[in-house]
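Peer 1: Numbering (my numbering), first residue to last: 7 to 302.
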């Protein structure tokens with residue numbers, strides 16, 4: 007049976023969530039081990055478009071571009087990326103689905119067109135996507151993003167490990183953004199500080215002054231400071247605070263909540279695999295639903 011296959015990987019925000027909305031930079035990291043695969047196959051009936059479903063929107067976007075809206079196809083997805091955790095599941099689904107449709111019809115798909123189609127699908131699904139999720143899910147490198155200014159690539163090359171721990175609680179970006187707005191001018195200090203902390207990490211990553219170990223120590227401390235500021239913005243919850251505290255107590259150079267907030271994931275920076283294992287063991291005891299490790 008004829009089939010088309012498309013894949014994508016996940017992503018996580020290293021620093022800059024929420025402050026990025028106000029014009030400050032954010033840095034996102036591709037998580038190449040955490041993947042999603044979409045398979046498109048022949049069907050007996052025409053494709054049914056559901057505009058409330060991210061996957062369906064992505065498939066339709068690809069079909070419309072190819073002028074095959076009435077194609078008789080069906081699709082299925084196998085995903086390692088949990089939804090609503092700040093890991094780019096929506097963008098990754100769109101990328102995998104569009105790749106699968108093009109593969110099924112044996113059509114060429116370059117990165118420029120793919121990114122354009124993903125952005126189109128994301129607009130339908132999310133109204134005003136920044137493009138950061140899609141860009142990072144398409145990238146092998148970390149990406150720095152500034153609203154209305156664009157993207158640039160960053161080489162991490164830290165020889166360290168990022169531990170990503172899922173709290174098992176859906177993040178709620180909309181409510182978190184409202185929490186920040188509700189603070190009014192009181193939020194300005196923390197937002198500015200988050201922007202400054204992101205700039206500090208950028209300088210550490212782009213200037214080869216310190217050793218890799220010194221870089222990891224400094225970046226870790228900055229991550230923990232960022233978590234404090236996100237707490238001041240009413241973005242963290244008791245479980246994420248527990249995860250951050252536990253990771254640091256077990257050797258992490260630093261840790262913070264990542265993504266929209268009020269749930270989702272906590273990330274911790276570790277110098278070596280021995281520390282990684284300690285962090286993993288203790289976070290599982292604290293109720294982590296899943297844990298991934300990415301070398302950075």
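All residues carry an ideal CB built from backbone N, CA and C; glycine is no exception.
If you follow the alpha helix (DSSP H) that residue 185 is in, where does it begin and where does it stop?
Peer 2: Here the question's residue 185 lines up with position 179 in the chain shown. It spans 179-188 - the alpha helix (DSSP H) in which residue 185 sits, taken as one unbroken run.
Peer 1: Going by the DSSP bridge assignment, what does residue 296 pair with across the sheet?
Peer 2: As a first step, residue 296 is located in the chain shown; it is residue number 290 there, counting from the start. DSSP output for residue 296 lists 172 as bridge partner(s).
Peer 1: Opposite residue 271 in the DSSP bridges: which residues?
Peer 2: Along the chain shown, read from residue 1 onward, the residue named residue 271 stands at position 265. Partner(s): 172 and 264.
Peer 1: Could you give the distance in angstroms between the alpha-carbon of residue 224 and the alpha-carbon of residue 82?
Peer 2: As a working note, residue 224 is residue 218 in the chain shown. As a working note, residue 82 is residue 76 in the chain shown. Their backbone Cα atoms lie some 43 Å apart in a straight line.
Peer 1: Hey, quick one: how far does the beta strand (DSSP E) through residue 159 stretch, first residue to last?
Peer 2: The sequence position of residue 159 within the chain shown is 153, counting from 1. First-last of the beta strand (DSSP E) with residue 159: 156-160.
Peer 1: Could you check what DSSP says for residue 255 in three-state terms: helix, strand or coil?
Peer 2: In the chain shown, counting from the first residue as 1, residue 255 sits at position 249. It is helical.
Peer 1: Around the C-beta of residue 229, are 16 or more other C-beta atoms found within 10 angstroms, so that it is buried, or is it exposed?
Peer 2: Here the question's residue 229 lines up with position 223 in the chain shown. So residue 229 ends up on the buried side.
Peer 1: Can you name, in chain order, every residue of its own chain whose Cβ lies under 7 Å from the Cβ of residue 113, other than the five neighbours on each side?
Peer 2: Here the question's residue 113 lines up with position 107 in the chain shown. Counting only Cβ-Cβ distances below 7 Å, and skipping sequence neighbours, we find 72.
Peer 1: Identify, in the order they occur along the chain, each residue of the same chain with its Cβ nearer than 6 Å to the Cβ of residue 227, setting aside the five sequence neighbours on each side.
Peer 2: Within the chain shown, numbered from 1, the residue matching residue 227 stands at position 221. Around residue 227: 260.
Peer 1: Among the residues of its own chain, which have a CB less than 7 Å from the CB of residue 203, if the five just before and after it don't count?
Peer 2: Here the question's residue 203 lines up with position 197 in the chain shown. Within the same chain, residue 203 has close Cβ partners 21, 228, 231 and 232.
Peer 1: Does the Cβ of residue 142 have 16 or more other Cβ atoms within 10 Å, making it buried, or fewer, making it exposed?
Peer 2: To locate residue 142, count along the chain shown from 1; it is residue 136. By the neighbour-count rule (16 or more Cβ atoms within 10 Å), residue 142 is buried.
Peer 1: Write down the C-beta distance between residue 10 and residue 110 rounded to the nearest angstrom, noting that I regard them as a contact closer than 8 Å.
Peer 2: Sequence index remark: in the chain shown, residue 10 carries index 4 (1-based). Sequence index remark: in the chain shown, residue 110 carries index 104 (1-based). About 3 Å; that satisfies the 8 Å criterion.
Peer 1: From which residue to which residue does the beta strand (DSSP E) around residue 37 run?
Peer 2: Counting from one through the chain shown, the residue named residue 37 turns up at place 31. Element bounds for residue 37: 32-48.
Peer 1: Give the straight-line distance between the Cα atoms of residue 24 and residue 65, rounded to the nearest whole angstrom.
Peer 2: Here residue 24 corresponds to residue number 18 of the chain shown, with the count starting at 1. Here residue 65 corresponds to residue number 59 of the chain shown, with the count starting at 1. Cα to Cα, residue 24 sits roughly 30 Å from residue 65.
Peer 1: Alpha carbon to alpha carbon, how far is residue 262 from residue 52?
Peer 2: Looking up residue 262 in the chain shown gives position 256. Looking up residue 52 in the chain shown gives position 46. Rounded to the nearest angstrom, the two C-alpha atoms are 46 Å apart.
Peer 1: Nearest-angstrom Cα distance between residue 176 and residue 234?
Peer 2: Against the chain shown, residue 176 aligns to sequence position 170. Against the chain shown, residue 234 aligns to sequence position 228. Residue 176 and residue 234: Cα-Cα distance of roughly 21 Å.
Peer 1: I'd like the span of the beta strand (DSSP E) that includes residue 148, first residue to last.
Peer 2: The count along the chain shown starts at 1 and reaches residue 148 at position 142. Note, residue 148: beta strand (DSSP E), 148-152.
Peer 1: Going by beta carbon distance, what residues of the same chain come within less than 6 Å of residue 151, once the five residues before and after it are set aside?
Peer 2: Taking the chain shown and counting its residues from 1, the one referred to as residue 151 is at position 145. Correct list, in chain order: 32, 138 and 157.
Peer 1: Just mark residue 278 as buried or exposed, buried being the case when its beta carbon has 16 or more other beta carbons within 10 Å.
Peer 2: In the chain shown, the residue the question calls residue 278 occupies position 272. Exposed, since its Cβ has fewer than 16 Cβ neighbours within 10 Å.
Peer 1: Only counting runs of 3 or more residues, tell me where the beta strand (DSSP E) segments fall wholly within the segment 58-109, in order along the chain.
Peer 2: Segments of the beta strand (DSSP E) lying fully in the segment 58-109: 79-85.
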